[in-house]
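Participant: Numbering (the working numbering), first residue to last: 58 to 423.
Built from N, CA and C at the ideal position, the CB exists for glycine as well.
From a predicted model like this one, the values you see are computed outputs, not experimental measurements.
Quick one: this structure, given as structure tokens, is what I'll be asking you about.
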């Protein structure tokens, strides 16, 4: 039976700078046509990983394979890889067409081939009329398109993007995210995208790899990682997340539930299906949008219903966020959809009761 060959494979790749392990024992695959994002905070190792794939940094250990061929020690110009830098790296003294043609000329392509490839690439990024302009005459979004056209014209079968939208304003950034993703899907080119922006990664990617301190914390689809984080770091890094600590007072194996006696007061039932019982001290994570406000008489010691006082109300257009203070001054964030008028009657100092649905709670060791 034929086995599917990944476009790219990293096997136990490690890179040290002095005594610091920038990347430590990282392994993953990139499949044909896939859009994969390396996501994490500054210094987590994502850009170093990208630069090792591109050939600008040599790993200290491990292997990098492209379509089954070991390219670990190959120089950048011998890799079928196109890297779009964060600052686009366009040559200011060259025209747009000359910038796009640069890679082809370095490979010794015939003049007619170069001309046709440049025209094809500029049409792909919707800039055929800009060939005679210079980079300083273009907007940030246009410069980014030229940088993409340059790697496409050179015939790269693997695209790498290093924080490609960081120099753009918020509205243009979102527009370019959609444009780049549509172009990638149309061409079917395997792509790795490095970013620290969670929304950007989730909106563009088939799969995410969340990195922290040079290692992979979790990989999966955007929905899997957001809804089912496997560590406290992933839960808190992937958007807003409430954190409630307490003492585990019981485990019901038949129902797959653990009971938590919260430090902030109240009881919380949370799914638990691990092979071992949870530790005596644990922490529950819950997204603000999963919490609902219930009627004032719904508490009465009921599990997963917590009483609190609205300390702050923030209107954000589509949603309103309530900061609800519990008995020990722990704040719980509650996100209400404004189309449903979920927060319209709750101002500062209002007493509320919150329902935390057990299926949405993630329980982890403290």
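1) Would you give the residue range spanned by the alpha helix (DSSP H) that residue 198 belongs to?
2) Can you give the beta carbon distance from residue 325 to residue 360, rounded, assuming they're within the 8 Å contact cut?
3) Candidates 155, 320, 168, 104: which alpha carbon is nearest residue 337's?
4) Just list the residues that DSSP pairs residue 101 with in beta bridges.
5) With the cut-off set at 8 Å, would you say residue 137 and residue 213 are in Cβ contact?
6) Tell me whether residue 342 is buried or exposed, calling it buried when 16 or more other Cβ atoms sit within 10 Å of its Cβ.
7) Is residue 67 helix, strand or coil when you go by DSSP?
8) Check whether the segment 203-212 touches the segment 148-167, taking contact to mean three or more Cβ pairs, one atom from each stretch, closer than 8 Å.
9) Quick check on DSSP: helix, strand or coil for residue 61?
10) What does DSSP give as the partner residue(s) for residue 309 in the beta ladder?
11) Please determine if the segment 255-272 and the segment 111-122 are in contact, where contact requires at least 3 C-beta pairs separated by less than 8 Å.
12) Kindly indicate which residue of 70, 80, 90 has the alpha-carbon position closest to the one of residue 64.
13) Just to confirm my understanding: we take residue 374, look at its own chain, exclude 5 residues before and 5 after, and list those with CB closer than 8 Å. What are they?
14) I'd like the ranges of any alpha helix (DSSP H) spanning at least 4 consecutive residues and lying wholly in the segment 251-336.
15) Looking at the unbroken alpha helix (DSSP H) that takes in residue 77, where does it start and where does it end?
16) My parser needs the alpha helix (DSSP H) runs of 4 or more residues fully inside the segment 122-196; what are they?
17) Any idea what DSSP makes of residue 20, helix, strand or coil?
18) Use the C-beta contact count for residue 219: other C-beta atoms within 10 angstroms, 16 or more gives buried, fewer gives exposed.
19) To the nearest angstrom, how far is it from the Cα of residue 368 to the Cα of residue 86?
20) Who are residue 93's beta bridge partners in DSSP?
21) Going along the chain, which residues of its own chain have a beta-carbon closer than 7 Å to the beta-carbon of residue 58, five neighbours each way excluded?
22) Quick one: measure Cβ to Cβ for residue 241 and residue 248, integer angstroms, because I've assumed they're closer than 8 Å.
23) Would you give the residue range spanned by the beta strand (DSSP E) that residue 235 belongs to?
24) CA-CA distance, residue 420 and residue 186?
Facilitator: Short version:
1) 197-210
2) 7 Å
3) 320
4) Answer is none; residue 101 lacks a bridge partner.
5) yes
6) buried
7) strand
8) yes
9) coil
10) 314
11) no
12) 90
13) 395
14) 255-261, 279-284, 289-294
15) No alpha helix (DSSP H) contains residue 77, which is instead part of the beta strand (DSSP E) from 77-87.
16) 153-163, 168-181
17) No answer is possible for residue 20: it lies beyond the span of the chain, which begins at 58 and ends at 423.
18) buried
19) 46 Å
20) 249, 264
21) Unreliable positioning characterises residue 58 in this predicted model, as indicated by a pLDDT of 43, which lies under 50. The coordinate reading is nonetheless provided below. Closer than 7 Å at the Cβ level, and outside the excluded window around residue 58, lies no residue.
22) 5 Å
23) Not the beta strand (DSSP E): residue 235 falls in the alpha helix (DSSP H), residues 227-244.
24) 56 Å
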